[in-house]
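Report on the following structure.
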Amino acid sequence: MKAFYTDHFVLPLPEGHRFPMAKYRMVREQVGDLPGLNLVEAPPATDTQLLLAHDPVYVQRVITGTLAPQAQREIGFPWSPGMVERSRRSVGATIAASRVALEDGIAVNLAGGTHHAYRDKGSGFCVFNDAAVAARVMQRSHGIERIAIIDLDVHQGNGTASILRRDASIFTLSLHGEKNFPFRKEPSDLDIGLPDGCTDAEYLAALENALDALSRRFKPDLLIYLAGADPHEADRLGRLKLSFAGLKARDERVLEFAKSLNIGVAITMAGGYGTDINNTVRVHVQTIAAALGYWKRNATKPLETSA
Ligand SMILES: [Zn+2]
């Protein structure tokens, strides 16, 4: 299974910055030895690709470092050429994973899930919206008509919902903490707001209902799945109470959904802010392990010897 990584494109942050940048390297290191996992450097998204979901003036300002200070603060990262490159690669990884998922059934971006980025502004550590761009690239260049974005990060996918609001060919599902950031939510095609303290059983029941509703309303040709680690009970920002086992069951359920529709699924990591970063990494790693298991069970081609 191909897993696209970007962590070596360093986004320089000041000492003590609250974004857990180290998690991406830690995830790559922990999955690197899994038999059958093929780590691939993510390609950069091109300007043409970014413009499928973003405003030209915004893209230009990001690239040239000319965003207004307030707009840069809303992203939450200081500008640098490294920030631009990392952001391009993170989108490129989701595009690449989506493309590979068409052939291999599944592929993973070891970053991405930047769902708070709007068409003309970044927000909450999100510069460009990888899922929205990748969905449009799949339509434009790979003959895919209908894509469902299943966003299970604990925060609502407001940027994705906003960009795709009037696009009936891309279905947006967000299952999130109702009381959590963003406090002004944007309407997705399907939003499920969960109460604080939501447990595994409540969450999995809500997911079941959401996937049922999705399949009644829409027939996707491809899934993009944001497997956020922040619904975990030890997350600093999550406010939900999902266990490791609950999150594993969540991942397996989404994979089973892809299998039932016989379509590919591209997975991105999205958020995770564990008080102990190792818990966040563990959630991401178990998602990748579940994806790898799925790939091995369902690979149509003979398995290659592990890379
Ligand atoms: Zn999140």
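For what it's worth, the working numbering labels the leading residue of the sequence shown as 34, then goes sequentially. The beta-carbon is built from N, C-alpha and C at its ideal position, and this holds for glycine as well.
Query raised in the report: On the three-state DSSP scale, how would you describe residue 20?
Result: With the chain represented from 34 up to 340, any question about residue 20 goes unanswered, as that position is not in the structure.
Query raised in the report: Nearest to residue 268 by CA position, among 290, 133, 281 and 311, is which residue?
Result: Taking the first residue of the sequence shown as 1, we reach residue 268 at position 235. Of the candidates 290, 133, 281 and 311, the one whose C-alpha sits nearest the C-alpha of residue 268 is 311.
Report task. Express the C-alpha separation of residue 101 and residue 137 in angstroms, rounding to a whole number. Result -> Against the sequence shown, residue 137 aligns to sequence position 104. Against the sequence shown, residue 101 aligns to sequence position 68. Residue 137 and residue 101 have their C-alpha atoms roughly 42 angstroms apart.
Query raised in the report: For ligand 1, is there a heavy atom less than 8 angstroms away from the beta-carbon of residue 304?
Result: As a first step, residue 304 is located in the sequence shown; it is residue number 271 there, counting from the start. Yes - ligand 1 has a heavy atom lying nearer than 8 angstroms to the Cβ of residue 304.
Query raised in the report: For residue 185 versus residue 259, is the C-beta spacing smaller than 9 angstroms?
Result: Stepping through the sequence shown from its first residue, residue 185 is reached at position 152. Stepping through the sequence shown from its first residue, residue 259 is reached at position 226. Between residue 185 and residue 259, the CB-CB gap stays under 9 angstroms.
Query raised in the report: What do you reckon, are the CB atoms on residue 35 and residue 107 nearer than 9 angstroms?
Result: One-based indexing of the sequence shown puts residue 35 at position 2. One-based indexing of the sequence shown puts residue 107 at position 74. Cβ atoms of residue 35 and residue 107: not closer than 9 angstroms.
Requested in this report: Return the residue from the list 332, 302, 242 and 327 that minimises the CA-CA distance to residue 60.
Outcome: For the purposes of this step, residue 60 is identified with residue 27 of the sequence shown, where counting begins at 1. In terms of CA proximity to residue 60, 302 leads the group 332, 302, 242 and 327.
Query - residue 270 Cβ short of 8 angstroms to ligand 1 heavy atom set - result: Taking the first residue of the sequence shown as 1, we reach residue 270 at position 237. Residue 270 Cβ: within cutoff of ligand 1.
Query raised in the report: Got a sec: does ligand 1 put a non-hydrogen atom nearer than 8 angstroms to the Cβ of residue 87?
Result: Locating residue 87 in the sequence shown gives position 54, counting from the first residue. False, no ligand heavy atom lies under 8 angstroms from that Cβ.
Report task. Please list, in chain order, all residues of the same chain as residue 222 whose beta carbon is under 6 angstroms from its beta carbon, the five residues on each side excluded. Result -> Along the sequence shown, one-based indexing puts residue 222 at 189. For residue 222, where only same-chain residues beyond five positions count, the Cβ hits under 6 angstroms are 204 and 205.
Query raised in the report: What span of residues does the alpha helix (DSSP H) with residue 206 cover, start to end?
Result: Position 173 of the sequence shown, counted from the start, is the residue given in the question as residue 206. No alpha helix (DSSP H) contains residue 206, which is instead part of the beta strand (DSSP E) from 203-210.
Query raised in the report: In the structure shown, what three-state DSSP assignment does residue 137 receive?
Result: Sequence index remark: in the sequence shown, residue 137 carries index 104 (1-based). DSSP, read as helix, strand or coil, puts residue 137 in helix.
**Report entry** Runs of alpha helix (DSSP H) wholly within the stretch 188-264 (minimum 4 residues, chain order)
**Finding:** As far as the stretch 188-264 is concerned, its whole alpha helix (DSSP H) runs of at least 4 residues are 191-196 and 233-250.
Query raised in the report: Does the stretch 114-124 come close enough to the stretch 139-147 to have 3 or more Cβ pairs within less than 8 angstroms?
Result: Result yes; three or more Cβ-Cβ pairs closer than 8 angstroms.
Report task. Return the residue from the list 265, 322 and 331 that minimises the CA-CA distance to residue 65. Result -> Taking the sequence shown and counting its residues from 1, the one referred to as residue 65 is at position 32. Ranking 265, 322 and 331 by CA distance to the CA of residue 65 puts 322 first.
Requested in this report: Kindly examine ligand 1 and report whether one of its heavy atoms sits closer than 8 angstroms to the Cβ of residue 317.
Outcome: Locating residue 317 in the sequence shown gives position 284, counting from the first residue. Flag unset: Cβ of residue 317 not near ligand 1.
Requested in this report: Going by DSSP, name the residue or residues bridged to residue 156.
Outcome: Here residue 156 refers to the residue found at position 123 of the sequence shown. Per DSSP, 159.
Query raised in the report: Can you give the beta carbon distance from residue 227 to residue 208, rounded, assuming they're within the 8 angstroms contact cut?
Result: Along the sequence shown, one-based indexing puts residue 227 at 194. Along the sequence shown, one-based indexing puts residue 208 at 175. Contact check for residue 227 and residue 208: beta-carbon distance about 7 angstroms, within the 8 angstroms limit, so the pair qualifies.
Report task. Starting from residue 325, trace the alpha helix (DSSP H) both ways and give me its first and last residue. Result -> Here residue 325 refers to the residue found at position 292 when the sequence shown is read from its first residue. Looking at the DSSP string, the run of the alpha helix (DSSP H) that includes residue 325 is 310-331.
Query raised in the report: Secondary structure at residue 280, three-state DSSP: helix, strand or coil?
Result: Numbered from its first residue, the sequence shown carries residue 280 at position 247. The three-state reading of DSSP puts residue 280 in helix, counting H, G and I together.
Query - 7 angstroms Cβ shell around residue 212 - same chain, five flanking residues per side excluded - result: Numbered from its first residue, the sequence shown carries residue 212 at position 179. Contacts found: 229 and 272.
Query raised in the report: If you run the structure through DSSP and keep just helix, strand and coil, what is residue 96?
Result: For this step, residue 96 is matched to residue 63 along the sequence shown. Of the three classes helix, strand and coil, the one that applies to residue 96 here is helix, per DSSP.
Query - Closer than 8 angstroms: residue 163 CB and nearest ligand 1 heavy atom - result: Translated into the one-based positions of the sequence shown, residue 163 becomes position 130. Distances from the CB of residue 163 to the heavy atoms of ligand 1 are all 8 angstroms or more.
Requested in this report: Give me whichever residues DSSP pairs with residue 79 in a beta bridge.
Outcome: In the sequence shown, residue 79 corresponds to position 46, counting from 1. Residue 79 is bridged by DSSP to nothing; it lacks a bridge partner.
Query - Residue range of the unbroken beta strand (DSSP E) whose run includes residue 298 - result: Looking up residue 298 in the sequence shown gives position 265. Counting along the chain, the beta strand (DSSP E) containing residue 298 begins and ends at 297-301.
Requested in this report: Within the same chain, show all residues whose beta-carbon is closer than 8 angstroms to that of residue 46, passing over the 5 residues directly before and after it, in chain order.
Outcome: In the sequence shown, counting from the first residue as 1, residue 46 sits at position 13. Residues 52, 54, 110 and 111 of the same chain have their beta carbon placed closer than 8 angstroms to that of residue 46, with the five preceding and five following residues left out of the count.
Query - Residues that residue 181 bridges to, as DSSP identifies them - result: On the sequence shown, residue 181 is found 148 positions in, with the first residue counted as 1. 204 and 256.
Query raised in the report: Three-state secondary structure (DSSP) at residue 146?
Result: Translated into the one-based positions of the sequence shown, residue 146 becomes position 113. When DSSP states are grouped into helix, strand and coil, residue 146 belongs to the coil group.
Query raised in the report: Can you tell me whether DSSP reads residue 339 as helix, strand or coil?
Result: On the sequence shown, position 306 is the one that residue 339 refers to. Residue confidence for residue 339 is low, a pLDDT of 47 falling below 50, so the modelled location carries little weight; the figure read from the coordinates is stated next. DSSP places residue 339 in the coil class of the three-state scheme, outside both helix and strand.
**Report entry** Boundaries (first-last residue) of the alpha helix (DSSP H) holding residue 107
**Finding:** The count along the sequence shown starts at 1 and reaches residue 107 at position 74. Counting along the chain, residue 107 sits inside the alpha helix (DSSP H) bounded by residues 102-108.
Requested in this report: Just the C-alpha distance for residue 67 and residue 165, rounded to the nearest angstrom, thanks.
Outcome: Locating residue 67 in the sequence shown gives position 34, where the first residue counts as 1. Locating residue 165 in the sequence shown gives position 132, where the first residue counts as 1. Residue 67 and residue 165 have their C-alpha atoms spaced approximately 30 angstroms apart.
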